[in-house]
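Chains as they are written, first to last, in the numbering used here: chain A, 126 to 536; chain B, 34 to 288.
All C-beta atoms in this analysis are idealised placements derived from N, C-alpha and C, irrespective of residue type, glycine included.
The structure displayed is predicted, hence computed values, not measured ones.
Report on the following structure.
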Amino acid sequence: MRVVIAFAVIVSVFQTTSCLSMGIKVYPTLNSLRNAISNAHSGDTLLLQNGIFKEHDLVVKKRIVLKGTVNSIIDGENKFQAFIVQADSVVIDGIEIRDIGRSSITDMAGIRIVNANFVTISGNRFVNNTYGIYLQNAERCNIIGNTIHSDFKDEVSGGNGIHAWKSNHLLVKGNNISGHRDGIYFEFVTESQIISNISFGNARYGLHFMFSHNDTYSSNTFKDNGAGVAVMYSRGVVMLNNDFLHNWGDASYGLLLKEITDSKIEHNHFIRNTVGIHMEGTTRVDVKQNLFQDNGWALRVQASCSGSNFTGNNFIGNSFDVATNGSLMLNLFDRNFWDKYDGYDLNRNGVGDVPYYPVSVYSVISEKIPSAMILYHSFLTDIIDKVEKVMPTMIPDKLKDDNPIIKKIAL
Amino acid sequence: MKTIVKYVMLDLVKNKTIIVYAIILGLLSVSVLSMDSNSSKGILSLLNITLLFVPIIGILFSTIYFFNSIEFTELLLAQPIKRKTMLLAQYIAVAAALCIAYVLGVGIPIAIFYSGLAAFTLLISGLFLTLIFSALALLIFVLFKDKTKGIGAAIIVALFFTLLFDGLLLSFIYSFSEYPIDKPLLGLISLNPVDLGRILVLLQLDVAVMMGYSGALFKKFMGSATGSIYTVICMIFWIIFPIIMSARIFRKKDL
């Protein structure tokens, strides 16, 4: 008995010293990680060694650090979920989590953060999971530099790369997300920063958020997503320096705005999207100094939008610059560069002397009667557009740019 | 028949109009393709040029040529040659010459600057349009005795298909927009070879997505392989029908 106690004391002393110096090494044997987590004390660092850990539903209730190496892999065997973090200030770093199961009852995730704050998830690799990272009622968490990829491409049973619900003050930075349903999905997430992420090839949206107020999105790239980016029912959204590239398909948008108020969209690039920005029921959205290039429609501004300013943007090589569904226009277009502008500038002040009407008559017709798209690029439609430019009768005459800039604006 | 084709071809080469036509097409193609950095846009501009010039030049030139060589035709028909053979030989020669001019003028620049399915389809639909409009010219030639009337008819036919038809189609779309008109539209569009050619090429380009944006039925149909085959069949019909008609009329025509 004494021997056993002495042994236990020695082991515990050894463990404490080892964790003070370099953390506790965990090797991939049966339930080794589960035991290590339950034995660890707050503040311990667990070092996951190379190998495949076939463990699942690992609940982290202590403030510990989990660190992986290049080849430490948690395998969900297509049945289970991996980590469930329920404690504050947990760090999970450099681990590969793969093959999380799918279920119609629970949303299975590689890492699920539940009611926890200050959690850091960084430099992990998520491969073929239903959900990559799932935040549920989390505050001030950092999601940094993770690679999240899935091959499923199934919109119905697939999950989102980074999914956040009812959280605030998150920092999502430098992640690379592909092949999920939505790349980044936010619902009721406020005061958060989404910076320098790349979200591409997702089945639905690259970024999707609803009821998420006062969030900032900057320097992200959204590319080749099934339907682009959708932003709904939010206020105080700031989007800066993002790239919306090649979201090209029958029902694809670069950026879809629905019921957005008091927001800013500045210095973004919208290139080769079916629709650059589609706006519905928006109020006071400033669209400034963006580039719209080679889109089908650069802007579709529905008549339900009001108080928005479109200034200092470049419109280059779009099939249609602006489309709208009514004659009412409560938004302001001013000082943009339009490559289709054929007016003149007699006093050489760099501003065209006649207003530019960005809505072509053919886009009015095709908006009203979609089947008229059958005449797209026919000689007749070119002629009506030219005639209408001389004598506007059908196009909404209030939608015009009174001060079109003659030369491309340097952004 | 071969001999007639050969002599008509020789005559056409001497005529030089065809050569000028090829050169103009070539200059337009090169300038359009080298100007646009985006090659798909270059193809679009080239499509617009093809749809405007090929029908008008094709039908006018062929009509005028058929009428001008009427003495040659009469002389040959004094020999033991079937009227059908004579007519077909003339058609083949003129259509072939125009096709060669189109291939030289548009095909070569495309092959240099841009190759792909879209470019190939553009070439095919241009050739189809050439064949169709010279067939229509043949029909005009056998229908009218008077050269001036014939040329007038040719101009009207060309304008009808490039411009007027689309106008009528648009007014049809407008007046029946409350009804499900996708299917009738599909049928109506087959009545105009220029529209068929346009859609055939457009559906090979990225911009096709915009046509299907509203979920229109015709993009689903025309975009499929069946749709392309249907379009090609319609266009072949547009070549054969005028030729058969003119052969029949010419057989009984009082020269």
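Between Gly183/B and Phe100/B, the C-beta gap is smaller than 8 Å, which places the two residues in contact. Shortest Cα-Cα distance from Ser488/A to any of Leu171/A, Gly168/A, Ala448/A and Val400/A involves Ala448/A. It is roughly 5 Å from the alpha-carbon of Arg306/A to the alpha-carbon of Asn285/A.
A distance below 7 Å between beta-carbons, with the five flanking residues on each side excluded, links Asp464/A to the following residues of its chain, in chain order: Phe440, Ile441 and Gly442. Any Cβ of chain A closer than 8 Å to the Cβ of Arg281/B would place that residue at the interface, and such an atom is absent. Using a Cβ-Cβ cut-off of 8 Å, Asn48/B does not count as an interface residue toward chain A, since no Cβ of chain A sits closer than that to its own. Contact between the stretch 382 to 394 of chain A and the stretch 342 to 362 of chain A is present: three or more C-beta pairs spanning the two stretches fall below 8 Å. Taking the CA atoms as reference points, Asp199/B sits about 15 Å from Ile214/B. Interface annotation, Thr195/B: in contact with chain A, CB-CB separation under 8 Å. The beta carbon of Leu85/B falls within 8 Å of a beta carbon belonging to chain A, placing the residue at that interface. Sequence-distant Cβ neighbours of Glu211/B in its own chain, meaning closer than 6 Å and more than five residues away, do not exist here. Remark: C-beta atoms of Ile246/A and Ile199/A do not approach each other more closely than 8 Å. The alpha-carbon separation between Leu150/B and Gln237/B amounts to approximately 7 Å. Along the stretch 395 to 439 of chain A, the alpha helix (DSSP H) does not occur as any fully enclosed run of 4 or more residues.
Ile319/A sits close to Asn345/A, with the two beta carbons spaced by under 8 Å. Around the beta carbon of Val195/A, a 10 Å sphere encloses fewer than 16 other beta carbons of the protein chains shown; the residue is thus reported as exposed. Out of Val410/A, Glu513/A, Ser496/A and Phe395/A, the CA that lies nearest to the CA of Ser377/A is found in Phe395/A.
One finds Leu235, Met243 and Met244 in chain B with Cβ atoms closer than 7 Å to the Cβ of Tyr501/A, taken in chain order.
Between the beta-carbon of Ala130/B and that of Met34/B there is about 16 Å, and that puts the pair past the 8 Å contact cut. Using a Cβ-Cβ distance cut-off of 8 Å, the stretch 486 to 500 of chain A and the stretch 43 to 63 of chain B are not in contact, since fewer than three pairs of beta carbons, one from each stretch, lie closer than that value.
Nearest neighbour of Gly270/A by Cα position, chosen from Leu183/A, Ser491/A, Ile220/A and Val151/A, turns out to be Ile220/A. Unbroken alpha helix (DSSP H) runs of no fewer than 4 residues, entirely contained in the stretch 440 to 496 of chain A, are found at 486 to 493, following chain order. Every unbroken stretch of the alpha helix (DSSP H) spanning 4 or more residues and falling wholly within the stretch 94 to 147 of chain B is given here in chain order: 103 to 110, 116 to 135 and 141 to 146. If you look at Ile232/B, you'll find it in the alpha helix (DSSP H) that goes Pro226 to Leu235. Taking the beta carbon of Ile390/A as reference, no residue of chain B falls within 8 Å; the closest one sits roughly 22 Å away. A Cβ-Cβ distance of about 6 Å is found for the pair Val87/B and Gly159/B, placing them in contact under the 8 Å criterion. Ile173/B is the residue among Ser257/B, Thr195/B, Ile173/B and Ile97/B whose C-alpha sits nearest the C-alpha of Ala186/B. For Ile441/A, no chain B residue has a Cβ inside 8 Å of its Cβ, as the nearest lies near 11 Å away.
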